[in-house]
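Right, one structure below, let's go through it.
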Amino acid sequence: MATINNVNFDDVVNEALKAAQIVLSDNWDEARDIVENIAKGLVNDVSFIAKKKLSGEFNEDDARVYLEDQKMLARVRLRSLAIITLQIAERVWNAIADVFRTAIKTALKWLLL
Amino acid sequence: MYCNSMVASSNRFRSAIVTMAAVFLLLSLSACSIKLVQPFDEKLLNDTDAFYKKGAVMIIEGQNFSPKTDQDRQSIADAVFQQNPAHFSKFESKYDGLIVDSESLILRAMSRSQEIGTAGQSIQKKIEELIGASVPTNCPDLQSEFGKVSLTAQNYVDLKCLILNWKEQHRKSGILKKANWEGRKLTLFNIVFAIEKAESFKKEKENNK
Numbered sequence: 004m005a006t007i008n009n010v011n012f013d014d015v016v017n018e019a020l021k022a023a024q025i026v027l028s029d030n031w032d033e034a035r036d037i038v039e040n041i042a043k044g045l046v047n048d049v050s051f052i053a054k055k056k057l058s059g060e061f062n063e064d065d066a067r068v069y070l071e072d073q074k075m076l077a078r079v080r081l082r083s084l085a086i087i088t089l090q091i092a093e094r095v096w097n098a099i100a101d102v103f104r105t106a107i108k109t110a111l112k113w114l115l116l
Numbered sequence: 030m031y032c033n034s035m036v037a038s039s040n041r042f043r044s045a046i047v048t049m050a051a052v053f054l055l056l057s058l059s060a061c062s063i064k065l066v067q068p069f070d071e072k073l074l075n076d077t078d079a080f081y082k083k084g085a086v087m088i089i090e091g092q093n094f095s096p097k098t099d100q101d102r103q104s105i106a107d108a109v110f111q112q113n114p115a116h117f118s119k120f121e122s123k124y125d126g127l128i129v130d131s132e133s134l135i136l137r138a139m140s141r142s143q144e145i146g147t148a149g150q151s152i153q154k155k156i157e158e159l160i161g162a163s164v165p166t167n168c169p170d171l172q173s174e175f176g177k178v179s180l181t182a183q184n185y186v187d188l189k190c191l192i193l194n195w196k197e198q199h200r201k202s203g204i205l206k207k208a209n210w211e212g213r214k215l216t217l218f219n220i221v222f223a224i225e226k227a228e229s230f231k232k233e234k235e236n237n238k
């Protein structure tokens, strides 16, 4: 790739990739946690209903209402996962943009951004 | 020799065009920072926490006063049914308080959603459509009332929906059972946890900037 005013853009791309990797590794655990939370939540729901049915505390109507509530919970969990993922994407993009902004300023000697 | 010179010039010209195209592309791609989600809002997080506490207190009260089984409930005499401390009439104002609090959370979330960039708004709209198609809301009228709002605000719309449905369930049955309240406790905890997980995630990295 080009070298402009002693700025080697191959190096810039590598630097940008490293910046993106750092953001991803710093943030991935949070996204993984909520996915685990969703999966465990589904198992817990079934256990809860089974337990309450066995003890006679839940009739079919109670189970139906509880599951309706879990639908709303599922929506919120999906949204929360989306929010976290979008936040990660935003950080990755902005980390890459920062690297290029500096490089372009140096290469072109223009204060464009 | 002339041809070699011409080829060399042509190659240099081509290289210059490619370089300029690459620089233009880089400029476009790195033009500005983007905002895909609305920013961290400490007040919103604190108010969500307060909402949870209020809801949890109501649930504990309900659990304490309520019968365990259908038979226990049926054994409550008609004459004293409405006076029973677990009766809906004793909880109606508590539900209303939570409904108002959820509306306040929605308003707060909506007021900060202006800070999402155009690309972010577009992506969030698509995500919400997908979620709506996969898991339709229990409150279609409420959904229409608020229309297209950010993912953060939509979470609070669903929270309001939950409370509205709880109020209606309690009103219809008159007196709930302990297990109903126990289920609500789990649901409330998990919903607020999911909301707070997403919102507080925004904070950690802002502090690291």
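Here the protein sequences line up with chains E and V, keeping their order.
Adding 3 to a residue's 1-based position in the first sequence gives its number in the numbering used here.
Adding 29 to a residue's 1-based position in the second sequence gives its number in the numbering used here.
Even glycine gets a Cβ: it sits at the ideal position worked out from N, Cα and C.
Being a predicted model, the structure only gives us computed values, none of them experimental.
Check: Does the beta-carbon distance from V/K231 to E/Q73 come in below 8 Å?
Finding: The residue you call residue 231 of chain V lines up with position 202 of the second sequence. The residue you call residue 73 of chain E lines up with position 70 of the first sequence. No. Outside cutoff.
Item checked: Test item: CB-CB of V/I224 and V/N184 under 8 Å -> Translated into positions along the second sequence, residue 224 of chain V becomes position 195. Translated into positions along the second sequence, residue 184 of chain V becomes position 155. Cβ distance < 8 Å, so V/I224 and V/N184 count as in contact.
Item checked: Where E/W96 meets chain V, residues with beta-carbon distance less than 7 Å -> Translated into positions along the first sequence, residue 96 of chain E becomes position 93. The answer, in chain order, is I63.
Margin query: Within the continuous alpha helix (DSSP H) that includes V/C190, where are the two ends?
Written below: In the second sequence, counting from the first residue as 1, residue 190 of chain V sits at position 161. V/C190 -> alpha helix (DSSP H) spans L180 to S202.
Check: DSSP puts E/V11 in a beta bridge; with which residues?
Finding: Indexing the first sequence from 1 puts residue 11 of chain E at position 8. According to the sequence provided, residue 11 of chain E is Asn. The question's Val does not apply to it. Paired residues: E/T6.
Notebook entry, point to check: To which residues of the same chain is V/K154 closer than 8 Å at the C-beta, ignoring the five residues directly before and after it?
Noted result: As a working mapping, residue 154 of chain V is identified with position 125 in the second sequence. Within the same chain, V/K154 has close Cβ partners K177.
Notebook entry, point to check: Does any CB atom of chain V fall closer than 8 Å to the CB of E/I25?
Noted result: Mapped onto the first sequence, residue 25 of chain E falls at position 22. No, no contact with chain V.
Check: Can the beta-carbon of V/Y124 be found closer than 8 Å to that of V/I192?
Finding: For the purposes of this step, residue 124 of chain V is taken as residue 95 along the second sequence, with counting starting at 1. For the purposes of this step, residue 192 of chain V is taken as residue 163 along the second sequence, with counting starting at 1. A contact, by the Cβ cut-off of 8 Å.
Checklist line | Distance, V/P165 Cα to V/S229 Cα | finding: Here residue 229 of chain V refers to the residue found at position 200 of the second sequence. Here residue 165 of chain V refers to the residue found at position 136 of the second sequence. C-alpha separation (whole angstroms): 26 Å.
Next item on the list: Kindly indicate the opening and closing residues of the alpha helix (DSSP H) around E/D58.
Entry: The residue labelled residue 58 of chain E in the question sits at position 55 within the first sequence. Note that residue 58 of chain E is Ser in the sequence shown, not Asp. Careful: E/S58 lies outside any alpha helix (DSSP H) and carries neither H nor E.
Notebook entry, point to check: In or out: E/N8 buried (at least 16 other Cβ within 10 Å) or exposed?
Noted result: Residue mapping note: residue 8 of chain E aligns to position 5 of the first sequence, counting from 1. Answer is exposed; the Cβ neighbour count stays below 16.
Item checked: Neighbour flag for E/S83 against chain V, beta carbons, 8 Å -> Taking the first sequence and counting its residues from 1, one reaches residue 83 of chain E at position 80. Answer yes: the Cβ-Cβ gap between E/S83 and chain V drops below 8 Å somewhere.
Next item on the list: Give the residues of chain E in contact with V/V66, contact being defined as C-beta atoms less than 8 Å apart.
Entry: Along the second sequence, one-based indexing puts residue 66 of chain V at 37. The answer, in chain order, is I86, L89, Q90 and E93.
Checklist line | Start-to-end residues for the alpha helix (DSSP H) that takes in V/Q100 | finding: Taking the second sequence and counting its residues from 1, the one referred to as residue 100 of chain V is at position 71. Segment D99 to Q103, the alpha helix (DSSP H) holding V/Q100.
Margin query: Check this for me: beta carbons of V/S62 and E/N97, under 8 Å apart or not?
Written below: Here residue 62 of chain V refers to the residue found at position 33 of the second sequence. Here residue 97 of chain E refers to the residue found at position 94 of the first sequence. Yes, Cβ-Cβ distance for V/S62 and E/N97 is below 8 Å.
Checklist line | Amino acids of chain E, ordered along the chain, whose beta-carbon sits closer than 8 Å to that of V/L215 | finding: By 1-based counting over the second sequence, the position of residue 215 of chain V is 186. Within 8 Å Cβ-Cβ: N47 and F51.
Margin query: Less than 8 Å between the beta carbons of E/M51 and V/G126, yes or no?
Written below: Along the first sequence, read from residue 1 onward, the residue named residue 51 of chain E stands at position 48. Along the second sequence, read from residue 1 onward, the residue named residue 126 of chain V stands at position 97. The question names Met, but residue 51 of chain E is Phe in the sequence shown. No; because the gap between Cβ atoms is not below 8 Å, this pair is not in contact.
Check: Around the C-beta of V/W210, are 16 or more other C-beta atoms found within 10 angstroms, so that it is buried, or is it exposed?
Finding: Here residue 210 of chain V is taken as the residue at index 181 of the second sequence, counted from 1. Buried.
Next item on the list: Check each candidate in E/K21, E/L27, E/E71 and E/G44 and name the one with the smallest Cα separation from E/K92.
Entry: As a position in the first sequence, residue 92 of chain E is number 89, starting the count at 1. One detail in the question is off: residue 92 of chain E reads as Ala in this sequence, not Lys. Taking only the C-alpha atoms, the option nearest E/A92 is E/L27.
Note to self: Taking the beta carbon of E/V46 as the centre, do at least 16 other beta carbons fall within 10 Å, making it buried, or is it exposed?
What the structure shows: Here residue 46 of chain E corresponds to residue number 43 of the first sequence, with the count starting at 1. Flag for E/V46 reads exposed.
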